[in-house]
Amino acid sequence: MIAKRILVVDDEPSIAELCAKMLKPSGFEVQGVTDGAEAIALYKSRDFDLALVDLHMPGVSGLQVLATIKEYDPSAAVVIFTAYGTKESAVTALRLGACEFLEKPLSTKTLVATVRRILEREGGPSVQGNLHSLSLPSIIQINCTERNQAHLRLRRRGQEGSIFFADGNIVHAASGSQVGEETVYELLTWEYGDFELEMGVPPPEQTITTNWSGLLLEGMRRIDERTAKWKGLDELEKQEEINEMAKLDSLLKEMASEIPGFIAAGISGMDGLAIASYSVVPEFDIEMASAQFALVMKLVQKTVGQMGDVVEDNLVTANHAYMLVYLLGDGSYWLGMAVDKDTASLGNVRLMARNYATDLWQSIPRREK
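Position one of the sequence shown corresponds to residue 0 (numbering that gives the first Met the number 0), numbered consecutively onward.
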């Protein structure tokens, strides 16, 4: 059997090498390049079965590589991967013909499974991804304006939904026993989940006659109304939340006073958003650090989870600082701290993290929507 050929395009040589190490044991032939122009020339000179292309590259970007490859070979399978993608770039990639979007960091299991699934795919062309990188309204707009006949499958937390496109509109939607317009309105509330878009699939029936733009406008109106109801908290609830946030700030300042060499600390969720922070160094951007560490913590949790264990903390040692990330409560939030390496005691930092963990966790505002 002839090995399937994979082209990996990433301006970081380590990423291309890592992908090769992940894929070669499964029988794939892998060639990596770090330049978009070189990748295009190589693709045209050799027969590749799949291209893995990084979105953000200097010079010739990943989108330019995608567009050129698809123009040269319309049947080409191209996967876009990135650590810092935007919904706008995902929309453009979909329009240009990307068959999937992968978020860095890549795991061997995910990468190998994705490559195998794409190469073994039967039937019409399809696109897979997640609603975090490409929203449902964007998917609807693309398929309706381009008059695609397609079947969109959505999955989230054990729930599934389907939307069928034909003749420039949504003609059928179903989720469980529910069908029609109400299904579309419910699916529009899904901010997270996986999707698969299979092209050329005819709808089994027609349950929707409203124009697609009207469906989106009504769906957005309902979401705004639901959001407004949640925001319409009475003054007591609002004050309670303000008090909780003030307590978090106070706890961080108190903890800082007990740590020699303290630089900054923050409470963040696994989405990378900081909800409280305190710094004695104005130029230290705790919010940026939180967003960057969230990506690292997700990878650490997955890696440790494979050993059947759970993460307590993660330590980064720099030339002049320690950066400690300590998980709080059920692990959905974490405490991040940066301290001066020369004047701080790592043992003291870990002790303070443990001492304050319970109070910080209990002070995080939580509210059911």
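Here a beta-carbon is modelled for each residue, glycine too, at the ideal position from N, C-alpha and C.
Just so you know, these numbers come straight off a predicted model, no measurement behind them.
{"Query": "Rounded C-alpha distance that separates LEU359 from LEU327", "Result": "8 Å"}
{"Query": "Where the beta strand (DSSP E) through TYR277 begins and ends", "Result": "273 to 278"}
{"Query": "Status (buried if at least 16 other CB within 10 Å, exposed otherwise) for PRO203", "Result": "exposed"}
{"Query": "Length of the line joining the Cα atoms of THR206 and LEU118", "Result": "34 Å"}
{"Query": "Endpoints, the beta strand (DSSP E) within which ASP193 is located", "Result": "193 to 198"}
{"Query": "7 Å Cβ shell around ALA66 - same chain, five flanking residues per side excluded", "Result": "LEU95"}
{"Query": "Cβ-Cβ distance between LEU186 and LEU135 below 8 Å", "Result": "yes"}
{"Query": "Span of the beta strand (DSSP E) around GLY61", "Result": "Unbroken run through GLY61 is the alpha helix (DSSP H), 61 to 71; no beta strand (DSSP E)."}
{"Query": "Proximity below 8 Å, CB of SER256 to CB of GLY265", "Result": "no"}
{"Query": "Start-to-end residues for the alpha helix (DSSP H) that takes in ASP358", "Result": "345 to 362"}
{"Query": "VAL8 versus ILE68: straight-line alpha-carbon distance, rounded", "Result": "12 Å"}
{"Query": "Cβ distance (whole Å) where LEU93 is taken to contact VAL126 below 8 Å", "Result": "6 Å"}
{"Query": "Rounded distance between the beta-carbons of SER362 and GLY268, thought under 8 Å", "Result": "GLY268 to SER362, Cβ: 14 Å. No contact."}
{"Query": "Reduced DSSP secondary structure (H/G/I, E/B, other) of PHE261", "Result": "strand"}
{"Query": "Reduced DSSP category for ARG366 - H, G, I as helix; E, B as strand; rest coil", "Result": "The pLDDT assigned to ARG366 is 46, lower than 50, so where the model puts this residue is not dependable, and the model offers no usable value."}
{"Query": "SER455: first and last residue of the uninterrupted beta strand (DSSP E) it sits in", "Result": "This structure leaves residue 455 out entirely; the chain is present only between 0 and 368."}
{"Query": "Distance CB(GLY192)-CB(LEU153) smaller than 8 Å", "Result": "yes"}
{"Query": "Contact between the region 163 to 172 and the region 216 to 226 (3+ Cβ pairs under 8 Å)", "Result": "no"}
{"Query": "Environment of ALA343 [buried if 16+ CB atoms lie within 10 Å]", "Result": "buried"}
{"Query": "Beta-carbon gap between PHE80 and LEU130 smaller than 8 Å", "Result": "no"}
{"Query": "HIS150, buried or exposed, once every other Cβ within 10 Å from all chains shown has been counted against 16", "Result": "buried"}
{"Query": "Spatial distance of ARG349 from ARG45 (CA atoms)", "Result": "54 Å"}
{"Query": "Three-state secondary structure (DSSP) of ASN210", "Result": "coil"}
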